[in-house]
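One structure is given here, and the rest of the page talks about it.
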Amino acid sequence: MDLRSRLAQLETRLGVGRNRPPSPVGGEHAPIPLSGRLQRLVAAQTDMPARRAVSQEELAQLLGGELCADGVVLIDQVLPVSRSHGRVPFRDIHEVSLGFLAGGEEPEREGLLFIDTETTGLAGGTGTVAFVLGLARIEDDVVHVRQYFLTSFTAEPAMLTQALAWLRGASHLVSFNGKSFDIPLLVTRYRLARIETTLSGFPHIDLLHRTRAAFRRNWPDCRLQTAEQYLLKFYRHDDMPGYLIPQLWADLLRRGETRGLRGIIEHNGTDVLSLIALASVLGRAYAKPGQRYADPLGIARAHRRAGDDATALLHLRDHGETLVDDAQLELAGLYARSGQWEAAVPIWELLAARGVARAMERLAKYCEHRQRDFGAALHWTERMLALDYEVGSCEQRRLRLLTRRENARNQARSIDRRQLRRWRASLVRRANKTKPQRSTG
């Protein structure tokens with residue numbers, strides 16, 4: 254939604270211009286410029302009558318929570334792990350491997366802390382405040398969710414202090430883009446509040462990066478709500494748009510407006526629960542080859558970058574001929590890295606027959622360096638030149654191969670001449686041995 258559309262939406266909500274007399278058609282008044290609309294909107298917000306100040310207790314009741322500190326509302330809920338989020342039961346988090354997502358050993362499920370924030374803006378820095386902090390963790394056979402809601406800026410240290418117990422008890426943080434935004438923001442807020450925390454040193458599972466690696470080739474984007482729809486079959490209805498959330502909280506502080514606040518809590522709670530279900534689905538996709546909903550190439554490359562070529566090869570090999578050209582090239586490259594040339598070469602030849610220049614390049618290198626067949630390497634190089642592929646490097650390779658082929662031929666001719674001389678010498682020696690000896694008497 255562009256700025257003009259958002260202005261129109263705000264003007265409608267605030268009732269700006271409802272009583273303004275219409276301009277005569279074709280009259281003297283020009284359309285109001287954008288700057289004028291902004292000024293009128295600010296004036297309207299300033300002139301609006303203040304609402305009765307809502308008490309903190311009333312606000313806590315509205316949000317379905319209770320006051321845990323002055324200016325901080327705690328919304329606490331416990332859900333059974335048998336409950337599903339979309340099509341994914343929460344208990345699946347116990348049944349899949351999360352070792353790859355965690356970057357090493359299998360994490361204890363009770364040590365996972367799922368985290369999401371709602372903030373006053375996306376710029377980060379010292380001017381951005383997290384006014385909703387959503388946390389969730391697995392406790393035996395339940396999912397425990399805690400959401401902290403600020404009712405004033407001055408209550409931020411109290412909220413941060415309240416959240417410390419759960420933060421300190423975690424072994425891994427789990428987020429969606431938290432490495433880049435949520436955690437750096439919280440570290441800054443704790444530092445400004447002069448509260449000690451080791452938040453920046455926690456092992457962190459950022460599901461956004463693993464989602465991108467596995468699905469960006471298949472999806473229009475990799476937002477959390479896109480992942481919910483494709484992987485969890487979870488669809489939000491009447492969800493609070495994220496871009497409205499900062500404004501609704503600002504309305505609470507400025508005018509005591511409580512409309513939409515319940516929607517903020519529901520939006521944040523959905524985000525946190527989606528992290529649990531998404532971790533289960535991603536863990537299965539990376540751990541078990543053959544998951545048809547995932548991109549095997551993206552998953553294989555992630556395993557290869559982690560140094561696990563064997564698992565990367567399994568993910569690609571299981572999909573066989575359904576792999577796209579890039580994935581076939583990756584599979585052949587993994588075969589080659591493990592010395593399985595008899596498996597790699599047929600894949601390259603198949604792709605080369607379809608005109609894939611990169612496969613021709615692999616064959617040229619294989620023929621030159623492994624087979625020492627400079628003629629075959631020259632053939633593939635000239636095929637690449639015909640496709641205008643990497644012309645500069647191919648020309649250099651062509652000249653090098655011509656030289657090496659000629660040198661090989663000269664060497665072969667030299668060897669042939671030496672062998673001919675040796676053969677003739679051996680014939681002479683045999684002939685001399687078979688000559689009858691003259692008698693002396």
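So the sequence shown is numbered by my numbering: it starts at 254 and just counts up by one. Glycine included, each C-beta is placed from N, C-alpha and C at the ideal position.
Neighbour-count burial assignment, residue i, 16 or more Cβ in a 10 Å radius
i       : result
Pro-549 : buried
Gly-608 : exposed
Ala-606 : exposed
Tyr-588 : buried
Glu-574 : exposed
His-520 : buried
Ala-555 : buried
Ala-678 : exposed
Ser-591 : exposed
Asp-435 : buried
Val-644 : exposed
Arg-390 : buried
Thr-451 : exposed
Thr-523 : buried
Ser-428 : buried
His-213 : No answer is possible for residue 213: the residues shown for the chain start at 254 and end at 694.
Selection from the options that minimises the alpha carbon distance to residue i
i       : options                               : result
Asp-323 : Asp-329, Gln-314 and Glu-310          : Glu-310
Asp-394 : Arg-362, Ala-612 and His-338          : Arg-362
Gln-482 : Glu-635, Cys-647, Arg-657 and His-338 : His-338
Leu-485 : Leu-654, Ala-538 and Arg-657          : Ala-538
Arg-442 : Asp-626, Thr-370 and Ile-517          : Thr-370
His-397 : Thr-373, Val-341 and Leu-366          : Leu-366
Arg-508 : Gly-516, Ser-405, Gly-317 and Trp-419 : Ser-405
Gly-495 : Leu-316, Leu-477 and Glu-449          : Leu-477
Lys-541 : Ser-350, Arg-469, Gly-551 and Thr-511 : Ser-350
Ala-553 : His-568, Gly-560 and Gln-544          : His-568
Leu-764 : Leu-420, Asp-571 and Ser-424          : An answer regarding residue 764 cannot be provided, because it is not within the stretch 254 to 694 covered by the chain.
Ala-423 : Ala-629, Ser-527, Gly-364 and Met-493 : Gly-364
Val-525 : Pro-437, Asn-430, Ser-453 and Lys-618 : Asn-430
Leu-375 : Pro-437, Arg-512 and Thr-479          : Pro-437
Gly-454 : Leu-426, Ala-480 and Ile-600          : Leu-426
Three-state secondary structure assigned by DSSP to residue i
i       : result
Cys-647 : helix
Phe-384 : strand
Ile-368 : strand
Pro-542 : coil
Pro-456 : coil
Val-577 : coil
Gln-624 : coil
Val-398 : strand
Arg-557 : helix
Glu-481 : helix
Arg-682 : helix
His-568 : helix
Ile-328 : strand
Glu-338 : Reading the sequence as shown, one finds His at residue 338 and not Glu. Strand at His-338.
Inter-residue spacing [alpha-carbon to alpha-carbon] between residue i and residue j
i       : j       : result
Leu-332 : Asp-562 : 40 Å
Arg-558 : Ala-466 : 11 Å
Gly-352 : Ala-585 : 27 Å
Leu-386 : Ile-368 : 7 Å
Tyr-488 : Val-598 : 46 Å
Tyr-623 : Leu-616 : Note on residue identity: the sequence assigns Arg, not Tyr, to residue 623. Answer to the nearest angstrom: the Cα atoms are 10 Å apart.
Asp-626 : Cys-620 : 5 Å
Arg-611 : His-490 : 47 Å
Pro-473 : Thr-464 : 13 Å
Leu-505 : Leu-582 : 57 Å
Glu-648 : Asp-641 : 10 Å
Met-412 : Asp-579 : 49 Å
Gly-380 : Trp-502 : 15 Å
Gln-664 : Leu-566 : 41 Å
Gln-706 : Leu-514 : With the chain covering 254 to 694 only, the question about residue 706 has no answer from this structure.
Met-493 : Ile-517 : 6 Å
Val-295 : Glu-358 : Confidence in Val-295 is poor, its pLDDT being 49 and thus under 50, which makes the residue's placement unreliable; the coordinate value appears in the next sentence. Spanning the two alpha carbons is a distance of roughly 54 Å.
Asp-571 : Leu-654 : 37 Å
Pro-342 : Trp-594 : 44 Å
Sequence-distant residues of the same chain with beta carbon closer than 8 Å to residue i, five excluded per side
i       : result
Asn-685 : none
Arg-651 : Leu-631, Thr-634, Glu-635 and Leu-638
Gln-415 : Cys-321, Ala-322, Val-325, Leu-327 and Tyr-401
Thr-407 : Gly-324
Glu-614 : Trp-633, Met-637, Tyr-642 and Glu-643
Leu-354 : Ile-458, Leu-460, Arg-463, Ala-532, Leu-535, Gly-536 and Tyr-539
Arg-675 : none
Same chain, Cβ closer than 7 Å to residue i, neighbours up to 5 away in sequence not counted
i       : result
Lys-432 : His-457 and Asp-459
Glu-281 : With a pLDDT of 39 at Glu-281, under the threshold of 50, the predicted position of this residue should be treated as unreliable, though the coordinate-derived value follows. No residues qualify anywhere along the chain.
Arg-698 : The structure shown does not extend to residue 698, since the chain spans only 254 to 694, so no value can be given for it.
Gly-628 : Arg-658
Within-9 Å CB hit, residue i to chain D
i       : result
His-520 : No chain D appears in this structure, which consists of one protein chain only.
Close beta carbons around residue i, own chain, < 6 Å, minus the five adjacent residues each side
i       : result
Arg-399 : Asp-329 and Leu-388
Ala-547 : Ala-467 and Ala-538
Thr-372 : Thr-381 and Ala-383
Ala-283 : Bear in mind that a pLDDT of 48 at Ala-283, under 50, signals an unreliable position, so the model cannot answer this.
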